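Take a look at the structure set out below.
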Amino acid sequence: RKEVEQDPGPFNVPEGATVAFNCTYSNSASQSFFWYRQDCRKEPKLLMSVYSSGNEDGRFTAQLNRASQYISLLIRDSKLSDSATYLCVVNRREYGNKLVFGAGTILRVKS
Amino acid sequence: EAGVAQSPRYKIIEKRQSVAFWCNPISGHATLYWYQQILGQGPKLLIQFQNNGVVDDSQLPKDRFSAERLKGVDSTLKIQPAKLEDSAVYLCASSLDGSIVFTSTDTQYFGPGTRLTVL
Numbered sequence: 070r071k072e073v074e075q076d077p078g079p080f081n082v083p084e085g086a087t088v089a090f091n092c093t094y095s096n097s098a099s100q101s102f103f104w105y106r107q108d109c110r111k112e113p114k115l116l117m118s119v120y121s122s123g124n125e126d127g128r129f130t131a132q133l134n135r136a137s138q139y140i141s142l143l144i145r146d147s148k149l150s151d152s153a154t155y156l157c158v159v160n161r162r163e164y165g166n167k168l169v170f171g172a173g174t175i176l177r178v179k180s
Numbered sequence: 052e053a054g055v056a057q058s059p060r061y062k063i064i065e066k067r068q069s070v071a072f073w074c075n076p077i078s079g080h081a082t083l084y085w086y087q088q089i090l091g092q093g094p095k096l097l098i099q100f101q102n103n104g105v106v107d108d109s110q111l112p113k114d115r116f117s118a119e120r121l122k123g124v125d126s127t128l129k130i131q132p133a134k135l136e137d138s139a140v141y142l143c144a145s146s147l148d149g150s151i152v153f154t155s156t157d158t159q160y161f162g163p164g165t166r167l168t169v170l
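So this is what it looks like as structure tokens:
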């Protein structure tokens, strides 16, 4: 079983739609959680951190459920520019600052 | 602020050949990471340096991969000899200090990567 699991998609949605991605992680020792965005043939970039209380950044809302070891990302009012791969990432501190990435969920927003 | 620099951007070699990648982290960043990203997968950590010391190399295939960061700044990753399954993007990342309990200084910034094709 992979340590971080995501639905690979692709999610094909029209502009203006609301879309949600889910992610589960298996290691209960995971301490920090993130969503990264990766455009085609580009490097990953931090989209947002995820906190237990939930957090919002504009059209993006992230939620964490530690008991269920579940992370989500909600994108409202999708834009064409949101098309990318969204990587769910957990941080384990066994040997310093180790990030473990999921395989990513592909989002395609169409006009 | 300049980002993480990597070279070359692309490399095509035949199996059993050797190849080396170079990374220059963001100025002042103590922690440097090398990741391997195979098509359709997320990046996988190969090795993490704190200054010029290795923090974690548990997933580095040491029979063929080696990495160094001699002066605590630039780093090189070498593959010798390459196999077909080494075809991937090799990403370098850096963070201000990845050795402490997580704070915003742990944010990892990625370079553009080197796309390696082994024929």
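Chains as they are written, first to last, in the numbering used here: chain A, 70 to 180; chain F, 52 to 170. Idealized CB from N, CA, C, for every residue including glycine. Every value quoted in this text rests on a predicted model; they were computed, and no experiment measured them.
Per DSSP, cross-strand counterpart(s) of residue i
i: isoleucine 98 (chain F); result: F:Trp85
i: lysine 179 (chain A); result: A:Pro83
i: alanine 53 (chain F); result: The partner list for alanine 53 (chain F) (beta bridge, DSSP) is empty, contrary to what the question assumes.
i: glutamate 119 (chain F); result: F:Thr127
i: serine 146 (chain F); result: F:Thr82
i: aspartate 126 (chain A); result: A:Phe129
i: lysine 74 (chain A); result: With the sequence shown as reference, residue 74 (chain A) is identified as glutamate, and lysine is not the correct amino acid for it. DSSP output for glutamate 74 (chain A) lists A:Thr93 as bridge partner(s).
i: alanine 139 (chain F); result: F:Leu167
Pairwise C-alpha distance: residue j and residue i
i: isoleucine 64 (chain F); j: serine 138 (chain F); result: 10 angstroms
i: valine 140 (chain F); j: proline 94 (chain F); result: 9 angstroms
i: glycine 127 (chain A); j: alanine 71 (chain F); result: 41 angstroms
i: glycine 123 (chain F); j: phenylalanine 80 (chain A); result: 42 angstroms
i: isoleucine 175 (chain A); j: alanine 153 (chain A); result: 6 angstroms
i: phenylalanine 161 (chain F); j: serine 137 (chain A); result: 30 angstroms
i: aspartate 107 (chain F); j: isoleucine 144 (chain A); result: 35 angstroms
i: serine 118 (chain A); j: threonine 158 (chain F); result: 10 angstroms
i: valine 181 (chain A); j: glycine 91 (chain F); result: Absent from the model: residue 181 (chain A). The displayed extent of chain A is 70 to 180, so no value can be given.
i: glutamine 51 (chain F); j: isoleucine 98 (chain F); result: With chain F represented from 52 up to 170, any question about residue 51 (chain F) goes unanswered, as that position is not in the structure.
i: glutamine 60 (chain F); j: threonine 87 (chain A); result: For the sequence presented, residue 60 (chain F) should be read as arginine rather than glutamine. Distance between the alpha carbons of arginine 60 (chain F) and threonine 87 (chain A) is about 36 angstroms.
i: leucine 170 (chain F); j: threonine 127 (chain F); result: 22 angstroms
i: alanine 56 (chain F); j: alanine 89 (chain A); result: 33 angstroms
Beta-carbon proximity list for residue i, same chain, < 6 angstroms, skipping 5 on both sides
i: phenylalanine 170 (chain A); result: Leu156, Val158
i: threonine 156 (chain F); result: In this prediction, threonine 156 (chain F) has a pLDDT of 48, which is less than 50 and means its spatial position is unreliable; nothing more can be read from the coordinates.
i: asparagine 134 (chain A); result: none
i: tyrosine 139 (chain A); result: Thr93
Residue range of the unbroken beta strand (DSSP E) whose run includes residue i
i: glutamine 107 (chain A); result: 101-107
i: serine 126 (chain F); result: 126-130
i: isoleucine 213 (chain F); result: Chain F is shown only over 52 to 170; residue 213 (chain F) falls outside these bounds and no answer can be derived.
i: proline 113 (chain A); result: 113-119
i: glycine 104 (chain F); result: 104-107
i: arginine 161 (chain A); result: 153-161
i: asparagine 187 (chain A); result: In the structure as shown, chain A starts at 70 and stops at 180, and residue 187 (chain A) therefore has no counterpart that could be examined.
i: isoleucine 140 (chain A); result: 139-144
i: arginine 166 (chain F); result: 165-169
i: alanine 71 (chain F); result: 70-75
i: threonine 158 (chain F); result: It is not in any beta strand (DSSP E) - threonine 158 (chain F) carries neither H nor E in the DSSP assignment.
i: lysine 167 (chain A); result: 167-170
Residues of its chain near residue i, where Cβ-Cβ distance is below 7 angstroms and the 5 sequence neighbours each way are ignored
i: proline 83 (chain A); result: Lys179
i: leucine 203 (chain A); result: Because chain A spans 70 through 180 in this model, residue 203 (chain A) falls outside it and cannot be assessed.
i: glycine 78 (chain A); result: Thr174, Ile175, Leu176
i: alanine 98 (chain A); result: Arg161
i: alanine 172 (chain A); result: Gln75, Pro77
i: asparagine 103 (chain F); result: Arg120, Leu121, Lys122, Gly123
Closer than 8 angstroms to chain D by CB, residue i
i: proline 79 (chain A); result: Annotation note: the requested chain D is absent from the structure, which comprises protein chains A and F.
Same chain, Cβ closer than 8 angstroms to residue i, neighbours up to 5 away in sequence not counted
i: alanine 53 (chain F); result: Ile77, Ser78
i: proline 132 (chain F); result: Lys66, Arg67, Gln68, Ser69, Arg115
i: serine 58 (chain F); result: Phe72, Trp73, Thr165
The stretch 112-145 of chain A: positions lying closer than 9 angstroms to chain F by Cβ: Glu112, Pro113, Lys114, Leu115, Ser118
Members of the stretch 87-113 of chain F near chain A, C-beta cut-off 8 angstroms: Gly91, Gln92, Gly93, Pro94, Lys95, Leu96, Gln99, Gln101, Val106, Asp107, Ser109
Interface positions of the stretch 154-170 of chain F facing chain A (Cβ-Cβ less than 7 angstroms), listed along the chain: Listed in chain order, the positions of the stretch 154-170 of chain F with a beta carbon within less than 7 angstroms of a beta carbon of chain A are Asp157, Thr158, Gln159, Phe161, Gly162, Pro163, Gly164.
Within 7 angstroms of chain A by C-beta, residues of the stretch 124-143 of chain F in sequence order: Cβ contacts with chain A: Leu142.
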